[in-house]
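Using my numbering, you'd call the opening residue of the sequence shown number 2 and step up by one each time. From the three backbone atoms N, C-alpha and C, an ideal C-beta is built for every residue, glycine too. These notes concern the structure reproduced below.
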Amino acid sequence: MQEILKYQDIDFKIAKLENELKELPELKKAKEMQNLKADCRNRLDVLEKNAQKALENFEKARQYYDELVVKIETLSKSVDEYDLEKIKKLQQAKNNFYQMVEKLENELVKIVNQFSKVNNDYSAIVKNVKIANGNIEVYKQKYEDAKAQIEPKIAELKKELAEQAKKVDKAILEKYNLRKKHGLPVFVKNINGTCGRCRMTISASKMQLFEKNGYVECENENCGRIIIKM
Ligand SMILES: [Zn+2]
C-alpha cells in the first residue's frame, strides 16, 4: 500500500504543476489582450463603414451643388433683361439656390464632424491595439519563462512516476487510473471509521472487508474513493 501512496503523491504533484501551468495569470492576461484586440478590430470595421458612408454623402452633396451651379448659369445666359417673366424665374432659382447652398453647408459641417469623430476614434483604437500588442508580447514572454520552469519539473516527475508504477500492484494501479478522472486523491485514509475524503461512515460489512483486504471502496456514490489502511 505504501508504494501506491507514493505513486499517488507523485501523480498529485504532476497534476498540481499542470494546473499551475493552465492557471498562469500571464496566460489569462494574454488571452484578455487578444480579446481586446478582436474587439478593437470590430470597432475599426464599424468606423470604416461609417467613414465610407460619410464620403458617399459628401460626394452626393458635391454633385448636387455642381448641378445647381450649371442650372443657374444656363438660366442667367438665357435671360433678356426686358423679359420680366424670366427675370422673376431667375430670381426664384437664385433664392432656391441659396437655400440649397445653406442646406448643403449644414450637411458638409455634419460630414466634417463625422469625419473628425471617426478620426479620433480611429486614433484611440489604434493606440489601444498598440498597447495590447505590447502587452501580449510581455505576457507571452512571462508565460514562456514560467512554462520553461514548470515543464522540466513535470517531465522529471513523470519519469519518477513511471519508475514508481513498476513497484505498484497492477490491479490496484488499474483501479487508481480508472478513478483518477473523478479527481485526486484516489486513495484516502480511514479516519475513525469514516472515509477520509467525504467522511461517510464505513458500514460494518465494509469494515470487515477493510480489515481483511487492507482497503475498501467508499459507499458514497459522489465520492467513491478507495479507503486504505495506512
Ligand atoms: Zn468517501
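C-alpha gap between residue i and residue j, whole angstroms
i              : j             : result
lysine 30      : lysine 176    : 39 Å
leucine 25     : methionine 2  : 35 Å
glutamate 21   : glutamine 150 : 11 Å
lysine 181     : asparagine 43 : 43 Å
proline 153    : glutamate 138 : 23 Å
serine 117     : lysine 17     : 53 Å
arginine 200   : valine 217    : 14 Å
valine 47      : alanine 166   : 59 Å
serine 206     : glycine 215   : 14 Å
isoleucine 112 : leucine 69    : 20 Å
arginine 63    : valine 71     : 13 Å
glutamate 157  : glutamate 19  : 13 Å
aspartate 67   : alanine 39    : 42 Å
tyrosine 1     : lysine 159    : Absent from the structure is residue 1, since the part of the chain shown begins at 2 and ends at 231.
alanine 94     : lysine 128    : 50 Å
lysine 54      : valine 110    : 15 Å
glutamate 49   : glutamate 60  : 16 Å
lysine 230     : threonine 202 : 15 Å
Distance between beta carbons of residue j and residue i, contact taken as under 8 Å
i              : j                 : result
isoleucine 5   : valine 189        : That belief does not hold up - the Cβ atoms of isoleucine 5 and valine 189 are roughly 12 Å apart, past 8 Å.
alanine 133    : leucine 37        : 5 Å
leucine 256    : leucine 91        : Only positions 2 to 231 of the chain appear in the structure, and residue 256 is not among them; the question remains open.
isoleucine 228 : phenylalanine 211 : 7 Å
Cβ-Cβ distance between residue i and residue j below 9 Å
i             : j              : result
arginine 226  : glycine 197    : yes
glutamine 142 : alanine 52     : no
methionine 34 : asparagine 96  : no
tyrosine 65   : methionine 101 : yes
glutamate 222 : serine 204     : no
leucine 98    : isoleucine 126 : Checking the displayed sequence, the identity of residue 98 turns out to be phenylalanine instead of leucine. Cβ distance not < 9 Å, so phenylalanine 98 and isoleucine 126 don't count as in contact.
isoleucine 15 : leucine 162    : yes
valine 119    : cysteine 41    : no
alanine 172   : glutamate 27   : no
serine 79     : lysine 89      : no
asparagine 58 : glutamate 106  : no
Paired residues, beta bridge with residue i - DSSP
i             : result
tyrosine 216  : Ile229
cysteine 196  : Asn191
threonine 202 : Thr195
Test: residue i CB closer than 9 Å to a CB of chain B
i          : result
leucine 56 : In the structure shown, chain B cannot be found, because there is only a single protein chain.
(Q) Measuring CB atoms only, is the stretch 179-187 touching the stretch 7-21, in the sense that at least three cross pairs come out at less than 8 Å? (A) yes
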